[in-house]
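Novice: Numbering (full-length UniProt numbering), first residue to last: 1 to 220.
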Ligand SMILES: [Fe+2]
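1) Which of the three DSSP states, helix, strand or coil, is assigned to residue 87?
2) Could you name the residues of the same chain whose beta carbon sits closer than 8 Å to that of residue 63, not counting the 5 residues immediately before and after it, in chain order?
3) Quick one: does the C-beta of residue 69 sit closer than 7 Å to a heavy atom of ligand 1?
4) Among 83, 184, 124, 162, whose alpha-carbon lies nearest the alpha-carbon of residue 70?
5) On the DSSP letters alone, give me the boundaries of the alpha helix (DSSP H) that residue 212 sits inside.
6) Hey, is residue 101 close to ligand 1, as in C-beta under 7 Å from one of its heavy atoms?
7) DSSP on residue 2, reduced to helix/strand/coil?
8) So what does DSSP say about residue 263, is it helix, strand or coil?
9) Any heavy atom of ligand 1 closer than 7 Å to the CB of residue 82?
10) Any chance the CB of residue 64 is under 7 Å from a heavy atom of ligand 1?
11) Specify the secondary structure class of residue 18 as computed by DSSP and reduced to three states.
12) Would you check whether ligand 1 has a heavy atom nearer than 7 Å to the C-beta of residue 148?
13) From 159, 182, 31, pick the residue whose C-alpha is nearest to that of residue 100; which is it?
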C-alpha cells in the first residue's frame with residue numbers, strides 16, 4: 001500500500017492550501033513529497049533529486065522517475081552479480097533512470113499524452129546544467145534502444161522504463177540478452193532463462209508503483 005500524501009488540488013479531499021510567504025507553492029511541495037515519500041522506493045541519486053527540485057519538475061514526473069529509478073536498481077545489481085564481466089556502469093544507469101524523462105519539464109503535455117520532444121530536450125537540459133554527455137545521453141537514448149551502437153547501460157534504462165509497469169518488450173529484452181551472452185560466452189537462451197525470472201519478479205511489483213505514480217498530479 002502506498003503511503004498517503006496531500007491530495008491534489010481539485011481532488012476534493014485534502015486540498016493543498018495556498019502558499020504563504022516563505023512556504024513552497026503546492027506543486028513544489030507535492031514534488032518534494034514525491035521525491036522523498038518512503039513508499040517502498042529508493043531515493044534518487046542526490047544530484048538528480050537536486051536537479052528536479054531546482055527545475056520545479058511536475059509532481060507526476062518526480063514520481064515516475066522514482067519508480068523507474070527504483071526498478072533500474074534491480075537489473076543493475078542482477079547484471080553485476082550474474083555478469084560482472086559486462087562491467088556495467090551501475091551509477092550511470094541509475095542516474096539515467098532517474099533523469100530519463102527530465103525533458104518533460106519543458107514538455108509537460110508529454111506527461112499525459114504522446115510525444116517525443118522531451119527526448120532531445122532532456123539531453124540538452126542536462127548538458128546546459130553541466131551534466132556530462134556520458135550521463136545526459138540517457139534522456140535521449142531511452143527512446144532509441146534499437147539504434148546501432150547503443151550501450152548496455154542505455155538498454156538497461158530503457159528496460160526499466162518498460163518493466164516498471166510490467167510491460168515486457170521482447171525485442172528489447174533480446175538485445176540485452178544478446179549483449180550479456182556475448183560477454184559471458186553463454187548461449188542466449190541460457191542468459192534469458194535467468195533474466196526472464198528476474199524481470200517477472202520486478203514486474204510483480206508494478207501495481208504499487210503505478211498507484212504511487214498516479215497519486216501525484218501532472219500539475220498542481
Ligand atoms: Fe519514462
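Cβ coordinates follow ideal geometry from the N, Cα and C atoms, glycine included. Predicted, not measured: the structure shown is a model, and the values here were computed from it.
Specialist: According to the structure data:
1) Of the three classes helix, strand and coil, the one that applies to residue 87 here is coil, per DSSP.
2) Excluding residues up to 5 positions away in sequence, 34, 212, 213, 215, 216 lie with their Cβ nearer than 8 Å to the Cβ of residue 63 in the same chain.
3) Relative to the non-hydrogen atoms of ligand 1, the Cβ of residue 69 never comes closer than 7 Å to any of them.
4) Comparing Cα positions, the closest option is 162.
5) Run containing residue 212: 206-214, per the alpha helix (DSSP H) assignment.
6) Yes - ligand 1 has a heavy atom lying nearer than 7 Å to the Cβ of residue 101.
7) Residue placement at residue 2 cannot be trusted, given a pLDDT of 37 that sits under 50; what the coordinates show is reported in the next sentence. Coil at residue 2, not helix or strand.
8) Outside the displayed span of the chain (1 to 220) sits residue 263, for which this structure offers no information.
9) Incorrect: residue 82 has no Cβ contact closer than 7 Å to ligand 1.
10) Answer for residue 64: yes, Cβ within range of ligand 1.
11) Any reading at residue 18 must be qualified, since the residue scores a pLDDT of 49, below 50, and its modelled position is unreliable; the value itself is stated next. DSSP places residue 18 in coil when its eight states are reduced to three.
12) Checking the Cβ of residue 148 against ligand 1 gives no.
13) By alpha-carbon distance to residue 100, the top candidate from 159, 182, 31 is 159.
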